[in-house]
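*Asks:* Residue numbers (my numbering): 66 to 433. Quick one: structure below, then a few questions.
In structure tokens form, the structure reads like this:
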């Protein structure tokens, strides 16, 4: 009898908690989040995921015409508002962030190389990096003006990290602390050096400004993101991931350079990277930078796994030394906070290939 009474009391307490949660949600209503770069690969999926989970969304794009191609894919309700906003224009995001509880800053310039030959460093600093930093700070100023934004989640990239130590030796474990040396990137200019610099320097500027102005900011360090996509074009990240199948020399070079710089290739599913953004926006104890990958493996292993599903078109051998032991790219900080991944590398491969076959980017896959 006593056990039954205790169980009944526990059930009543749980029901009261559920009723209290329902009451709070009805009283306060759904939270409103702004997503910059909403027509891009991650941004478009994030918008849809937020809508599916009941949030209100302010979606921004530099070119509003691009919204038209996505409206049929999004869960369009009166909880979605569209805004034109340009990071190059001061105050452009004032209206978009007004009344928002948080901002997902996904928008970024995808610039890997420039044609400029003379004074290339000065050109890149003046025409690429400085405008990116100025745009990021402008967005944060808009957040301050709003007086409603409680947190900014910044989309970063694994290009800001390196698997090599100061002596050039490969690390066995790569985590959020393994940042690239800005001086070394300027000096050596490795493949993709411009994108690496603009992301690293704009992120540093964002954290510095946030610290000086008491803005709560968290960054998500994306690994190679792949899986389904909503965009009408093939995202660069998908092209990199599928390069061993397509044989695209430019994207193969990027993938090989990632493997060389990091000591392995770290991957994450489209939906998981967006879930991680929302998780870090909502978690009260989230702080600093979080590396987001479900698994990392040597490029040779990735090629082997891809070859089980499609014919690979890998025109040159993978540059890995004998007895190569891939570096582990750590997701410990994110998982310790409570995040759980829903998709492993096999899911990522399967769903990426399915999406690419459906849109005609990859001609066919093996039938089982």
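Positions of the beta carbon are idealized from the N, C-alpha and C atoms, including for glycine.
Quick check on residue 298: buried or exposed, where buried means 16 or more other Cβ atoms within 10 Å of its Cβ?
*Replies:* Within the chain shown, numbered from 1, the residue matching residue 298 stands at position 233. Answer is exposed; the Cβ neighbour count stays below 16.
*Asks:* Using CA coordinates, which residue listed in 335, 316, 365 is at the minimum distance from residue 328?
*Replies:* Start at 1 with the first residue of the chain shown, and residue 328 comes out as number 263. Taking only the C-alpha atoms, the option nearest residue 328 is 365.
*Asks:* Going by beta carbon distance, what residues of the same chain come within less than 7 angstroms of residue 160, once the five residues before and after it are set aside?
*Replies:* For the purposes of this step, residue 160 is taken as the residue at position 95 of the chain shown. Excluding sequence neighbours, residue 160 sits near 148.
*Asks:* Relative to the C-alpha of residue 353, which candidate in 322, 268, 394 has its C-alpha closest?
*Replies:* Counting from 1 along the chain shown, the entry for residue 353 is found at position 288. Selected option, being the one with the closest Cα: 268.
*Asks:* What are the start and end residues of each continuous beta strand (DSSP E) run of 3 or more residues lying completely inside the stretch 233 to 286, in chain order?
*Replies:* Complete beta strand (DSSP E) runs here, min 3: none at all.
*Asks:* Any idea if residue 317 is buried or exposed, counting beta-carbon neighbours within 10 angstroms, 16 or more meaning buried?
*Replies:* Counting from one through the chain shown, the residue named residue 317 turns up at place 252. Buried, since its Cβ has 16 or more Cβ neighbours within 10 Å.
*Asks:* Taking residue 376 as part of the beta strand (DSSP E), name the residues at either end of that continuous run.
*Replies:* Numbered from 1 along the chain shown, position 311 holds the residue referred to as residue 376. Element bounds for residue 376: n/a, residue is neither H nor E.
*Asks:* Mind the definition here: the stretch 410 to 426 touches the stretch 362 to 376 only if three or more C-beta pairs lie below 8 angstroms; say whether that holds.
*Replies:* Yes, they touch.
*Asks:* Going by beta carbon distance, what residues of the same chain come within less than 7 angstroms of residue 210, once the five residues before and after it are set aside?
*Replies:* Within the chain shown, residue 210 is the residue found at index 145, counting from 1. Excluding residues within five positions, the ones whose Cβ falls inside 7 angstroms are 159.
*Asks:* Considering just the uninterrupted stretch of the alpha helix (DSSP H) at residue 161, what are its terminal residues?
*Replies:* Within the chain shown, the letter at position 96 stands for residue 161. From DSSP, the alpha helix (DSSP H) with residue 161 extends over 159 to 162.
*Asks:* Measure the beta-carbon distance from residue 235 to residue 392 and round it to whole angstroms, keeping in mind my assumption that it falls under 8 angstroms.
*Replies:* Taking the first residue of the chain shown as position 1, residue 235 is located at position 170. Taking the first residue of the chain shown as position 1, residue 392 is located at position 327. Yes, they are in contact, since the Cβ atoms of residue 235 and residue 392 sit about 6 angstroms apart, within 8 angstroms.
*Asks:* Flag this pair as yes or no: are the beta carbons of residue 270 and residue 198 separated by less than 7 angstroms?
*Replies:* Reading the chain shown from its first residue, position 205 is the one you call residue 270. Reading the chain shown from its first residue, position 133 is the one you call residue 198. Result yes, Cβ atoms of residue 270 and residue 198 sit closer than 7 angstroms.
*Asks:* What are the partner residues of residue 167, as DSSP defines its beta bridges?
*Replies:* If you number the chain shown from 1, residue 167 lands on position 102. 98, 216.
*Asks:* Residue 353 by DSSP, collapsed to three states: which one?
*Replies:* Taking the chain shown and counting its residues from 1, the one referred to as residue 353 is at position 288. Strand.
*Asks:* Output the boundary residues of the alpha helix (DSSP H) element that contains residue 208.
*Replies:* Indexing the chain shown from 1 puts residue 208 at position 143. Run containing residue 208: 195 to 211, per the alpha helix (DSSP H) assignment.
*Asks:* The beta strand (DSSP E) that contains residue 400, what's its start and end?
*Replies:* Translated into the one-based positions of the chain shown, residue 400 becomes position 335. Here residue 400 belongs to no beta strand (DSSP E); instead the alpha helix (DSSP H) covers 397 to 401.
*Asks:* Contact defined as beta carbons within less than 8 angstroms: I believe residue 168 pairs with residue 99. What is the distance between those atoms, to the nearest angstrom?
*Replies:* The sequence position of residue 168 within the chain shown is 103, counting from 1. The sequence position of residue 99 within the chain shown is 34, counting from 1. At roughly 5 angstroms, the Cβ-Cβ gap stays under 8 angstroms, so residue 168 and residue 99 are in contact.
*Asks:* Would the stretch 242 to 254 count as touching the stretch 122 to 133 if we require 3 or more Cβ pairs under 8 angstroms?
*Replies:* At 8 angstroms Cβ cutoff, the stretches do not touch.
*Asks:* Less than 8 angstroms between the CB atoms is what I'm expecting for residue 375 and residue 343, so what's the real figure, rounded?
*Replies:* Within the chain shown, numbered from 1, the residue matching residue 375 stands at position 310. Within the chain shown, numbered from 1, the residue matching residue 343 stands at position 278. That pair is no contact at about 32 angstroms.
*Asks:* What does a CB cutoff of less than 8 angstroms around residue 215 pick up in its chain, not counting 5 residues either side in sequence?
*Replies:* By 1-based counting over the chain shown, the position of residue 215 is 150. Here the set comprises 166, 167, 281.
*Asks:* Given that a residue counts as buried once 16 or more other Cβ atoms are within 10 Å of its Cβ, and exposed if not, what is residue 400?
*Replies:* Translated into the one-based positions of the chain shown, residue 400 becomes position 335. With fewer than 16 other Cβ atoms within 10 Å, it is exposed.
*Asks:* Leaving aside the five residues before and after residue 402 along the sequence, list all residues of the same chain whose C-beta is less than 7 angstroms from its C-beta, in chain order.
*Replies:* Start at 1 with the first residue of the chain shown, and residue 402 comes out as number 337. Here the set comprises 348, 350, 351.
*Asks:* Got a sec? Which residues, its chain only, sit under 6 angstroms from residue 308 by beta carbon, not counting five neighbours each side?
*Replies:* Here residue 308 is taken as the residue at index 243 of the chain shown, counted from 1. 316, 317, 320, listed in sequence order.
*Asks:* Would you kindly report the start and end of the unbroken beta strand (DSSP E) that includes residue 325?
*Replies:* On the chain shown, residue 325 is found 260 positions in, with the first residue counted as 1. Premise fails: residue 325 lies in the alpha helix (DSSP H), 314 to 327, not in any beta strand (DSSP E).
*Asks:* Kindly list the residues whose CB is nearer than 7 angstroms to the CB of residue 278, restricted to its own chain and excluding five residues on each side of it in sequence; keep chain order.
*Replies:* Counted from its first residue, the chain shown places residue 278 at position 213. Taken in chain order, the residues that qualify are 209.
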